[in-house]
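Asks: All residue numbers for the sequence shown refer to this note's numbering, where the first residue is 8 and numbers rise by one. Could you have a look at this structure, given as structure tokens, before my questions?
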Amino acid sequence: MPHHISRQSCQRWDAQDPLASVRQEFELPTDLVYLDGNSLGAMPRRARERVENTLALEWGRQLIRSWNGACWFTKPRSLGDRIGGLLGAAPGQTVITDSTSVNLYKAIVAAARLRPGRHTILVERQAFPTDIYIATGAARAVPDTRIRLIDDSSELEQELTKDVAAVVLGHVDFRTGTLLDMPALTGMIHAAGALAIWDLCHSAGALPVVLDASTVDIAVGCTYKYLNGGPGSPAFIYVAHRHLDHIEQPLTGWNGHATPFSFSTEYQPHQGIDRLRVGTPAVLSMVALEGALDVWDQVEIDEIRAKSLRMTRMFAELLVDSGLDMLTPTQEHLRGSQISLTHPDAYAIIRALIDRGVIGDFREPDVLRFGFAPSYLRYVDVYDAATQLLDVLRTRSWNLPEYTERLLVT
Ligand SMILES: *Cc1c(COP(=O)(O)O)cnc(C)c1O
């Protein structure tokens, strides 16, 4: 282990950490180091309070009156603007609705319709598989349209032929943790006459995102990862102002109607971002997310990024001699908020580590993945996680039959 990093120095950094007090906003088991906030964020105390209050009062006592009285119906918009604020989006362009998968479907069909005469959707081969599956299904829904997989964003320029309507890119790669240059790639896509759709699942809440300034067309992302909205909390979709008046999304449900309560037979899309809504929002999940967003009011995303980079650098340094191969770029401008390492027995190693109270996860085929959520992680946690991992490797304690059997969710 590199001797310039000690547990004492980590404790010193924790004492000086401007984000240290934010940890108290979360309910976290004391015997756990949680490095999986990139998959399911920890539970903010405010989320519990908001859900309990909704159960007791808004639903329990006020019942149907809460759609107006507790502003249930407009939560997708009010929370959308709050998340938009974290993503460099001016109000009125972001709404909370559905899942990332469903929002991506709406985004791709809508983008293809904005570029009639062009029939190709580009998607990265290493994208999160749902993005590829959804792009395939969305392309089938638009006449003569198909997807083309690109091996790497470095190929984008040559792949941007005149037939490309839209490009779907993951801001941070879920497997490797590689961060793409959003403004530069968006500019390149626009220069070729296509639209840029960004998936922010692994960057929203993890690092600064500037959607408006990057001239992004459409963006989607989860709220249950770094934003801590809770298991299955609803996703967001952003559509730039310049497209909102004429964008046509395929799932024309009543919540996206200009006047849902006119109950008219004819579909008339809402004027603004509300047209991306579909059906009745999941209010309990929505209020949990609302509580989670209160935590974001106290933090600066630049501080999150600075701490995240320091933590990922430190974790990588602690593991230089571990025998694991680093998959995540070491250069800071190319790195999200995770460290991915490879080993042929990655799955068993992760299982052994979880049994020691250090939670990371495994991704096919051989990736040990560790996410760093600076709002509730301490530097000592990073140190302890690396120490445990090195010990699991040194003692080969992962080498047990029970650790090789795959669980349903990995
Ligand atoms: C987590 C994740 C998703 C998940 O989509 P859901 O519809 O919420 O299941 C999609 N895309 C990326 C890049 C992800 O990391």
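From the three backbone atoms N, C-alpha and C, an ideal C-beta is built for every residue, glycine too.
#1: Do you know offhand how far S85's Cα is from T411's?
#2: What does DSSP give as the partner residue(s) for P276 in the beta ladder?
#3: Consider the C-beta atom of V314 and the heavy atoms of ligand 1; say whether any pair is separated by less than 7 Å.
#4: Leaving aside the five residues before and after M293 along the sequence, list all residues of the same chain whose C-beta is less than 6 Å from its C-beta, in chain order.
#5: Looking only at C-alpha atoms, which of S240, L207, P288 sits nearest to I225?
#6: Do you know how far the Cα of T222 is from the Cα of R155?
#7: If you follow the beta strand (DSSP E) that V285 is in, where does it begin and where does it stop?
#8: Does the beta-carbon of G177, which I'm using as the reference point, lie nearer than 7 Å to any heavy atom of ligand 1?
#9: Determine which residues share a DSSP beta bridge with E34 and list them.
#10: Under 8 Å, do L35 and I366 count as touching if we go by C-beta distance?
#11: Examine ligand 1 and report whether any of its heavy atoms sits within less than 7 Å of the Cβ of S108.
#12: When DSSP builds the beta bridges, which residues end up paired with A392?
#13: Rounded to whole angstroms, what is the Cα-Cα separation between G239 and P267?
#14: Measuring alpha carbon to alpha carbon, tell me which residue in D151, P372, N110 is nearest R125.
#15: For ligand 1, is there any heavy atom lying closer than 7 Å to the beta carbon of A242?
#16: From the DSSP output, in three-state form, read off F369 for me.
#17: With a cut-off of 8 Å on the beta carbons, I'd call V387 and R14 a contact; round off their distance for me.
Replies: So, from the listed chains and residues:
#1: 45 Å
#2: H264
#3: Rather than Val, the amino acid found at residue 314 in this sequence is Lys. Because no heavy atom of ligand 1 lies under 7 Å away, the Cβ of K314 does not count as near it: no.
#4: K82
#5: L207
#6: 23 Å
#7: That residue, V285, is in no beta strand (DSSP E); it is neither H nor E in DSSP.
#8: yes
#9: M50
#10: no
#11: yes
#12: Beta-bridge pairing links A392 to no other residue.
#13: 26 Å
#14: D151
#15: yes
#16: strand
#17: 6 Å
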